[in-house]
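Engineer:
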Amino acid sequence: MSKKNKIGLFLGTYYHEVAMGSRVTLPSRFKVELTQNQVVMIQADEGSILCFDAEQFVKNTQKYMQESTLESDARLFRRNVFNNAVAVDVDEAGRFVIPEAMRKSAGINTKVVLAGMGDAFELWSQERYQQVSAHKPGQL
Numbered sequence: 001m002s003k004k005n006k007i008g009l010f011l012g013t014y015y016h017e018v019a020m021g022s023r024v025t026l027p028s029r030f031k032v033e034l035t036q037n038q039v040v041m042i043q044a045d046e047g048s049i050l051c052f053d054a055e056q057f058v059k060n061t062q063k064y065m066q067e068s069t070l071e072s073d074a075r076l077f078r079r080n081v082f083n084n085a086v087a088v089d090v091d092e093a094g095r096f097v098i099p100e101a102m103r104k105s106a107g108i109n110t111k112v113v114l115a116g117m118g119d120a121f122e123l124w125s126q127e128r129y130q131q132v133s134a135h136k137p138g139q140l
């Protein structure tokens with residue numbers, strides 16, 4: 001899939017195997033959406049790993065960077081996001097490694113679900129994804 005097929009959104013749900021303990025291959029539909037060969041990952045409260053294209057991550061956090069670090073809310077946001085964020089490289093085949101601590105926290109073992117979220121995508125253990133998907137909005 002070429003960059004000409006890029007639409008600017010991560011769409012769809014994909015079920016993949018985790019290789020060699022922590023390596024995942026991006027679906028070609030997701031790979032084409034990357035502006036760089038890098039993904040920024042954050043552990044999400046719901047039990048997933050939230051993944052951004054590196055450029056999109058910077059765009060999403062820019063407004064918070066304009067707030068003074070003297071403000072406690074700004075420090076709290078920065079602490080929660082930047083201390084927990086990890087940038088990982090994506091190779092030419094679309095493979096990347098999920099950091100072990102994140103993988104364990106999300107309960108990802110041999111199967112992973114990659115779920116599009118528009119400007120980001122999530123990584124879920126297959127079991128957790130099925131549980132969360134069974135709930136209607138507002139029921140989590």
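Per UniProt numbering, residue 1 is the first one in the sequence shown, and the count goes up by one each step.
Heads up, the beta-carbon is just placed ideally off N, CA and C, and yes, glycines get one too.
Just so it is clear, the structure is predicted and the values come from calculations on it, not from any experiment.
Compute the Euclidean distance between the alpha carbons of Y64 and A85, then round it to the nearest angstrom.
Structural biologist: Looking up residue 64 in the sequence shown gives position 64. Looking up residue 85 in the sequence shown gives position 85. Cα-Cα distance, rounded: 15 Å.
Engineer: On the criterion of 16 or more Cβ atoms from any shown chain inside 10 Å, does M1 qualify as buried, or is it exposed?
Structural biologist: Counting from one through the sequence shown, the residue named residue 1 turns up at place 1. Model confidence at M1 stands at a pLDDT of 49, short of 50, so the residue's coordinates are unreliable; what they give is reported in the following sentence. Per the 10 Å Cβ criterion, exposed.
Engineer: Apart from the five residues just before and just after A44, which ones in its own chain have a Cβ nearer than 8 Å to its Cβ?
Structural biologist: Here residue 44 refers to the residue found at position 44 when the sequence shown is read from its first residue. Around A44: L50, E122.
Engineer: Quick one: grab the DSSP three-state call for L76.
Structural biologist: To locate residue 76, count along the sequence shown from 1; it is residue 76. It is helical.
Engineer: Which whole-angstrom value is the C-beta distance of W124 and S48, which I expect to be below 8 Å?
Structural biologist: Position 124 of the sequence shown, counted from the start, is the residue given in the question as residue 124. Position 48 of the sequence shown, counted from the start, is the residue given in the question as residue 48. Taking C-beta atoms under 8 Å as the contact rule, W124 and S48 qualify, at a distance of about 5 Å.
Engineer: Between the region 9-27 and the region 87-107, can you find at least three pairs of beta-carbon atoms closer than 8 Å?
Structural biologist: yes
Engineer: Using a Cβ-Cβ cutoff of less than 8 Å, which residues in the same chain neighbour T69 once the five nearest sequence positions on both sides are dropped?
Structural biologist: Here residue 69 refers to the residue found at position 69 when the sequence shown is read from its first residue. R75, R78, listed in sequence order.
Engineer: By Cβ distance below 6 Å, which residues in the same chain neighbour R103 in space, the five residues on each side in sequence not counted?
Structural biologist: Start at 1 with the first residue of the sequence shown, and residue 103 comes out as number 103. A distance below 6 Å between beta-carbons, with the five flanking residues on each side excluded, links R103 to the following residues of its chain, in chain order: S22.
Engineer: Going by DSSP, what residues sit across from G118 in a beta bridge?
Structural biologist: On the sequence shown, position 118 is the one that residue 118 refers to. According to DSSP, G118 bridges with F10.
Engineer: Could you compute how far the alpha carbon of N5 sits from the alpha carbon of E33?
Structural biologist: Sequence index remark: in the sequence shown, residue 5 carries index 5 (1-based). Sequence index remark: in the sequence shown, residue 33 carries index 33 (1-based). Whole-angstrom Cα-Cα distance: 9 Å.
Engineer: So, with DSSP's three-state summary, where would you put Q56?
Structural biologist: Locating residue 56 in the sequence shown gives position 56, where the first residue counts as 1. Of the three classes helix, strand and coil, the one that applies to Q56 here is helix, per DSSP.
Engineer: In whole angstroms, give me the CA-to-CA distance for H135 and R128.
Structural biologist: Taking the sequence shown and counting its residues from 1, the one referred to as residue 135 is at position 135. Taking the sequence shown and counting its residues from 1, the one referred to as residue 128 is at position 128. Their Cα atoms are separated by approximately 11 Å.
Engineer: Going by Cα to Cα distance, which pick from E46, M117, Y15, I108 is closest to Q56?
Structural biologist: Against the sequence shown, residue 56 aligns to sequence position 56. Answer by Cα proximity: M117.
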